[in-house]
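Asks: Quick note: the sequence shown uses my numbering, first residue 165, plus one each step.
Cβ coordinates follow ideal geometry from the N, Cα and C atoms, glycine included.
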Amino acid sequence: MIERSKLPNQQTTIFTVMSKMAADHGALNLSQGFPNFPSDPVLLEAVAKAMRDGYNQYAPMQGDLGLRERIVEKTQSLYGKRYDVASEVTVTAGATQAIFTAIAATICQRDEVIIFTPAYDCYEPAIRLFGGISKPIQLCPPLFRPDWDEVAKSITTKTKMIIFNTPHNPSGMLFTEEDMLQLQILVVKHDLLVISDEVYEHIVFDGATHQSAASYEELAKHSFITASFGKTFHNTGWKMGYCLAPKPLMKEFQKVHQYNVFCVNHPVQKGLASYLENPNHYLGLSAFYEEKRDYFLESIKHSRFKYHPSKGTYFQLLDYSEITSEGDVAFAERLTKHFKLATIPTSVFNKNQEDFKLLRICFAKTNETLEQAATILKSI
Ligand code: PMP
Ligand code: GLN
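1. For Q536, which of K475, L192 and V420 has the nearest alpha-carbon?
2. Going straight from the alpha carbon of Q517 to that of S511, what length do you get?
3. Take S467 and list the residues in its own chain whose beta-carbon comes closer than 6 Å to its own, dropping the five residues that flank it on each side.
4. Could you give the DSSP three-state label for K470: helix, strand or coil?
5. Do the stretch 464-479 and the stretch 240-258 touch if we need at least three Cβ pairs shorter than 8 Å?
6. Give the single residue among G405, M185 and L440 whose Cα lies nearest to the Cα of K504.
7. Pairs of beta-carbons, one from the stretch 208-217 and one from the stretch 434-450, closer than 8 Å: are there three or more?
8. If you measure from the CB of Q175, is any heavy atom of the ligand NAP nearer than 7 Å?
9. Measuring alpha carbon to alpha carbon, tell me which residue in F201, Q226 and L194 is nearest F426.
10. Among C286, F397, T176 and Q174, whose alpha-carbon lies nearest the alpha-carbon of P205?
11. From this set, P289, F294, L408 and E233, which residue's C-alpha is nearest A269's C-alpha?
12. Quick one: measure Cβ to Cβ for Q261 and N424, integer angstroms, because I've assumed they're closer than 8 Å.
13. Please specify which runs of the alpha helix (DSSP H), each continuous and at least 4 residues long, are wholly inside the stretch 294-340, giving them in chain order.
14. According to DSSP, simplified to helix, strand and coil, what is A214?
15. For Y273, which option in T180, N399, I301 and T323 has the closest C-alpha, if you only look at C-alpha atoms?
16. Is DSSP giving I555 helix, strand or coil here?
17. Check whether the Cβ of G197 sits closer than 7 Å to any heavy atom of the ligand GLN, and report yes or no.
18. Helix or strand or just coil, what does DSSP make of A553?
19. Below 7 Å CB to CB, which residues in the same chain sit around K411 once its five sequence neighbours on both sides are set aside?
20. Would you decide whether H502 is buried or exposed? Buried here means 16 or more other CB atoms lie within 10 Å of its CB.
21. Please report the straight-line C-alpha distance between F328 and L338, rounded to a whole angstrom.
22. Using a Cβ distance threshold of 8 Å, determine whether the stretch 373-393 contacts the stretch 337-351, with at least three qualifying pairs required.
Right, here's the structure in full:
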């Protein structure tokens, strides 16, 4: 029997909680981040063809060669760095497995890991499972900008890694070139590891450029870059992603990966490899989601919710402080059960669950769904 939990007090993830609550109460689900429109039929057919062509057994441990080649080419063309196909890329079961594996491969007892909160919820439990200690740095509304002096002061002799995420879930904040340069100075000075969680790399708005760790030569030498095809190609349920890292880091990563999953879904890898041959399949994504953001914000402009337009990701924060002083978890529950609209309360991602009265909605939805959500929000 289990005498001592490895993760005492760990709650069920908010995404499961809110999606279940939405289903139980027949609410419109804008909580968990996933599109409610289909993937491109061209991609679906490419995967189906791979199955018919017999790619139904194990893929190579690192990932299908063709897919790794396409990933390397895409990274070079967008960020100017060429990773080695043979030794610096691994295809993973979503970014979650890439992040978990990078942490498992590097974090030891009492290692400190700096994370920026609100933080995506898979970082902290993984750090804890391997004996590490997360050191959250709180980003504050409305802009959620990092303070690099604070980061510098948080680094101790025990600091092993910094995890950051740009475009940032849930705030929609983007790291700037200046942020990346500041980060690079600290990482090099203290010889730290980095996980750069770039799952929303193709969703940036208002003409901004995604800042990848791959574009910064010294930073890249210390970084595991994690990415997700689910976000980019509207199929979060396929759980496909990848990790890029310099050879010595990737060697350690693969020591764990080979016994964690060994390899991931072969026909989907084949399908993605052929689909990635056309860069237009991902280069239009920012414009596509910017239109959705604008459509949604225009529809709720006469509501009592306040907002700063998201700069990237497919999430928008809504400030409800003019409506009620209720805590965000209670308000999100009431919204779901009474108003039939499910959102994510963001305090669960914060240091000490600080409550800024902000709900997160996912606008990766059809305009019809966004219209329905706006009607509800305007009625509150
Ligand atoms: N990081 C962030 C910031 C995310 O929002 C998500 C999930 N959407 C992930 C990682 C995990 O991605 P995946 O679904 O590919 O595991
Ligand atoms: N990344 C998605 C979000 O932020 C959810 C992923 C999950 O359900 N674990 O909503």
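Replies: The answer reads as follows:
1. Within the sequence shown, the letter at position 372 stands for residue 536. Selected option, being the one with the closest Cα: L192.
2. Numbered from its first residue, the sequence shown carries residue 517 at position 353. Numbered from its first residue, the sequence shown carries residue 511 at position 347. Whole-angstrom Cα-Cα distance: 5 Å.
3. Along the sequence shown, one-based indexing puts residue 467 at 303. Hits under 6 Å: L541 and K542.
4. Looking up residue 470 in the sequence shown gives position 306. DSSP places K470 in strand when its eight states are reduced to three.
5. no
6. Counting from 1 along the sequence shown, the entry for residue 504 is found at position 340. Nearest C-alpha to K504: M185.
7. yes
8. This structure simply doesn't include the ligand NAP; it includes the ligand PMP and the ligand GLN instead.
9. Mapped onto the sequence shown, residue 426 falls at position 262. Nearest of F201, Q226 and L194 to F426, Cα basis: Q226.
10. Translated into positions along the sequence shown, residue 205 becomes position 41. P205 has its Cα closest to that of F397, out of C286, F397, T176 and Q174.
11. For this step, residue 269 is matched to residue 105 along the sequence shown. That would be F294, whose Cα lies nearest to the Cα of A269.
12. Numbered from its first residue, the sequence shown carries residue 261 at position 97. Numbered from its first residue, the sequence shown carries residue 424 at position 260. Confirmed, Cβ separation roughly 7 Å.
13. 312-318
14. Here residue 214 corresponds to residue number 50 of the sequence shown, with the count starting at 1. The answer is helix: DSSP assigns A214 an H, G or I state.
15. The residue given as residue 273 occupies position 109 in the sequence shown. Per the sequence presented here, residue 273 reads as Gln, with Tyr not at that position. Of the listed residues, the one whose Cα sits closest to Q273 is T323.
16. Nothing can be reported for residue 555: it is not among the residues displayed for the chain, which extend from 165 to 544.
17. As a working note, residue 197 is residue 33 in the sequence shown. Because some heavy atom of the ligand GLN lies under 7 Å away, the Cβ of G197 counts as near it: yes.
18. This structure does not reach residue 553, given that the chain is present from 165 up to 544, and the question cannot be answered.
19. In the sequence shown, counting from the first residue as 1, residue 411 sits at position 247. The answer, listed in chain order, is D248, S251 and E252.
20. Looking up residue 502 in the sequence shown gives position 338. Counting Cβ neighbours within 10 Å, H502 comes out exposed, since fewer than 16 surround it.
21. Residue numbering aside, residue 328 sits at position 164 when the sequence shown is read from its first letter. Residue numbering aside, residue 338 sits at position 174 when the sequence shown is read from its first letter. In a straight line, the C-alpha of F328 is about 11 Å away from that of L338.
22. yes
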